[in-house]
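A.B. asks: Supplied in structure tokens, the structure appears directly below.
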Amino acid sequence: MVSICWSPSIGSSLLYRLVLAVKERLVTRVSLEHGLTAQLRKSRDHLGVADICYCYDINSPDDWRCRIKDGVKMMKLFEKRRQLFASSAKALCLWRKKAFYYTKMSDEVTRLFSLPVYVWPKSKMPSRLQVCIEQSGVASLVTISVPCLFSPKLSGRFMLLLDSQEQLEALLERMDDVEKHLSELQMNIVINYGDKINPLVDYNIVTPVSALVLGYLASGEDREDVSRKLKLTMRGVDYHISQLKQVLGAKTIAQLIYQAGLCRLV
Numbered sequence: 120m121v122s123i124c125w126s127p128s129i130g131s132s133l134l135y136r137l138v139l140a141v142k143e144r145l146v147t148r149v150s151l152e153h154g155l156t157a158q159l160r161k162s163r164d165h166l167g168v169a170d171i172c173y174c175y176d177i178n179s180p181d182d183w184r185c186r187i188k189d190g191v192k193m194m195k196l197f198e199k200r201r202q203l204f205a206s207s208a209k210a211l212c213l214w215r216k217k218a219f220y221y222t223k224m225s226d227e228v229t230r231l232f233s234l235p236v237y238v239w240p241k242s243k244m245p246s247r248l249q250v251c252i253e254q255s256g257v258a259s260l261v262t263i264s265v266p267c268l269f270s271p272k273l274s275g276r277f278m279l280l281l282d283s284q285e286q287l288e289a290l291l292e293r294m295d296d297v298e299k300h301l302s303e304l305q306m307n308i309v310i311n312y313g314d315k316i317n318p319l320v321d322y323n324i325v326t327p328v329s330a331l332v333l334g335y336l337a338s339g340e341d342r343e344d345v346s347r348k349l350k351l352t353m354r355g356v357d358y359h360i361s362q363l364k365q366v367l368g369a370k371t372i373a374q375l376i377y378q379a380g381l382c383r384l385v
């Protein structure tokens with residue numbers, strides 16, 4: 120067995136900083152889930168629904184065709200998303216099961232990006248998914264998309280789980296009030312957590328390393344500083360900058376940072 124003695128010299132290494140970053144991310148994740156779950160539970164009770172699921176999302180895959188080539192790619196990326204939240208563990212589990220079947224419901228999923236209110240047709244879902252939903256005691260699923268006031272290319276998506284047809288009808292009758300409440304909730308979520316749950320990073324449209332490069336550039340660091348702090352070669356830094364410019368449609372660093380701000384990346 121080989122033992123490793125930790126020393127101050129190792130403590131200043133990149134490995135040590137990576138360990139600290141992982142620990143910080145875990146603490147942040149726990150705090151994030153706790154805070155968002157509490158807000159979703161409060162809204163669930165306010166709206167009188169069984170449960171609420173939420174994700175910060177892109178408005179349309181068409182805006183990001185340089186990284187999302189087709190609908191199948193989009194569904195697979197969604198299935199891998201980590202930043203999905205719900206008012207209960209049961210609701211989150213059902214949502215992840217549902218996302219697993221998205222590649223078989225491409226027409227239905229596509230409508231999410233064009234309809235502000237979408238009632239999921241259970242009859243068009245795969246039979247196994249229908250069984251999962253029925254076993255969960257859910258009668259209807261309604262997704263409400265709320266534009267992000269801080270970014271024209273992002274939205275908040277709330278999936279409401281309902282116990283009965285009567286509950287669905289009552290919800291649709293007071294949709295103006297529901298959308299107003301969810302708009303306020305979306306604004307609150309973005310203000311408090313938006314930088315931690317950005318959908319472009321969660322979809323891997325912008326990679327985590329590219330996001331770090333972008334953050335340093337936005338704070339005024341030059342390419343040499345970024346190279347030194349992230350232990351990247353200059354060629355590596357330039358690669359990430361090139362990828363970011365392509366994704367965000369920018370030609371200069373100034374334009375890149377401006378577009379990143381519009382997408383809540385910085």
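One rule links them: number in my numbering = place in the sequence shown (from 1) + 119. Ideal Cβ placement from N, Cα and C applies to all residues, glycine included.
(1) With DSSP as the reference, label residue 224 as helix, strand or coil.
(2) In three-state terms, what does DSSP make of residue 187?
(3) Can you give me the C-alpha to C-alpha distance between residue 151 and residue 205, rounded to a whole angstrom?
(4) If you run the structure through DSSP and keep just helix, strand and coil, what is residue 250?
(5) Out of 232, 310 and 263, state which residue places its alpha-carbon closest to the alpha-carbon of residue 296.
(6) So the beta strand (DSSP E) residue 176 belongs to, where does it begin and stop?
(7) With 16 as the cutoff for other CB atoms within 10 Å, does residue 350 come out buried or exposed?
(8) Using only CA atoms, which one of 175, 225, 250 and 212 lies nearest to residue 270?
(9) For the candidate residues 227, 240 and 231, whose alpha-carbon lies nearest to that of residue 266?
(10) So the candidates are 268, 261, 187 and 219; which of them puts its Cα closest to the Cα of residue 380?
(11) What are the complete beta strand (DSSP E) segments, minimum 3 residues, inside the stretch 273-311?
C.D. replies: Let me lay it out:
(1) Position 105 of the sequence shown, counted from the start, is the residue given in the question as residue 224. In the structure shown, residue 224 sits in coil (DSSP, three-state: anything other than H, G, I, E or B).
(2) Here residue 187 corresponds to residue number 68 of the sequence shown, with the count starting at 1. Reduced to three states, the DSSP call for residue 187 is coil.
(3) Your numbering for residue 151 matches position 32 in the sequence shown. Your numbering for residue 205 matches position 86 in the sequence shown. For residue 151 and residue 205, the gap between their C-alpha atoms comes out near 12 angstroms.
(4) One-based indexing of the sequence shown puts residue 250 at position 131. Looking at residue 250 - three-state DSSP - the assignment turns out to be helix.
(5) As a position in the sequence shown, residue 296 is number 177, starting the count at 1. The option with the nearest alpha carbon to residue 296 is 263.
(6) Position 57 of the sequence shown, counted from the start, is the residue given in the question as residue 176. In the DSSP assignment, residue 176 falls within the unbroken beta strand (DSSP E) covering 170-177.
(7) Here residue 350 refers to the residue found at position 231 of the sequence shown. When all chains shown are included, residue 350 counts as exposed.
(8) What you label residue 270 is simply residue 151 of the sequence shown in a count that begins at 1. Checked all of 175, 225, 250 and 212; the closest Cα to residue 270 is 175.
(9) For the purposes of this step, residue 266 is taken as the residue at position 147 of the sequence shown. It is 231 whose Cα lies nearest to the Cα of residue 266.
(10) The count along the sequence shown starts at 1 and reaches residue 380 at position 261. Comparing Cα-Cα distances from residue 380 to each of 268, 261, 187 and 219, the minimum goes to 268.
(11) Those beta strand (DSSP E) runs which fall completely within the stretch 273-311 and span 3+ residues are 273-281.
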